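Report on the structure given below.
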Amino acid sequence: MGSSNINFEFYDSSVEDWSSYVERLESYFVVNGIEDKMKVPAILSLMGATMYKLLKNLATPNIPSKLTYQDIVKSLSEHLNPKPLEMTERFRFYNRKQFEGESIANY
Numbered sequence: 001m002g003s004s005n006i007n008f009e010f011y012d013s014s015v016e017d018w019s020s021y022v023e024r025l026e027s028y029f030v031v032n033g034i035e036d037k038m039k040v041p042a043i044l045s046l047m048g049a050t051m052y053k054l055l056k057n058l059a060t061p062n063i064p065s066k067l068t069y070q071d072i073v074k075s076l077s078e079h080l081n082p083k084p085l086e087m088t089e090r091f092r093f094y095n096r097k098q099f100e101g102e103s104i105a106n107y
């Protein structure tokens, strides 16, 4: 892993979503020449204590450092971007009302 003067912030959900963070992280890996074998230690170091705690809970009984990079990203992605429930979406669809002044095409 090469040294760099480029700082990389911990993940903060109030600033960006997880998928954007991962995109920026992967660019950071390219810029810094971080090889695949170093991606796990790098992401664990860069994600911050809050995200590490979440990952540790999601990965139990495994420890995060034993996961692959893809498993880490997938676990956190599934937790932070859950698939919408079909029943909830159906409820919203059937209860949608046309707003005053809203065209039929937009409704």
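Following full-length UniProt numbering, the numbering of the sequence shown begins with 1 at its first residue and continues without gaps. Think of the CB as a built atom: it goes at the ideal place given N, C-alpha and C, for glycine as much as any other residue. Treat the numbers as computed from the prediction; the structure is a model and nothing was measured.
Since residue i contacts residue j with CB under 8 Å, what's their CB separation in whole angstroms?
i   : j   : result
M38 : Y11 : Actually they do not touch by this definition, with Cβ atoms about 19 Å apart.
S19 : S75 : Not quite, the Cβ-Cβ distance comes to about 14 Å (not below 8 Å), so this is no contact.
Compare the C-alpha of residue i against each of the options and name the closest.
i   : options         : result
T68 : A42, S103, Y107 : A42
V73 : Y94, A105, D17  : D17
M87 : E26, N95, G48   : N95
I need the boundaries of the alpha helix (DSSP H) containing residue i, first residue and last residue.
i   : result
S19 : 18 to 31
T50 : 49 to 59
Suppose you measure from the CA of residue i to the CA of residue j; what does that come to, to the nearest Å?
i   : j   : result
F99 : R92 : 15 Å
M1  : N57 : At M1 the pLDDT is 49, less than 50, meaning the model places this residue with poor confidence; the figure from the coordinates comes in the next sentence. Those two C-alpha atoms are separated by around 28 Å.
P61 : G33 : 31 Å
E35 : K83 : 31 Å
I13 : V22 : As written in the sequence, residue 13 is Ser, which differs from the Ile given in the question. Taking the straight line from one Cα to the other gives about 12 Å.
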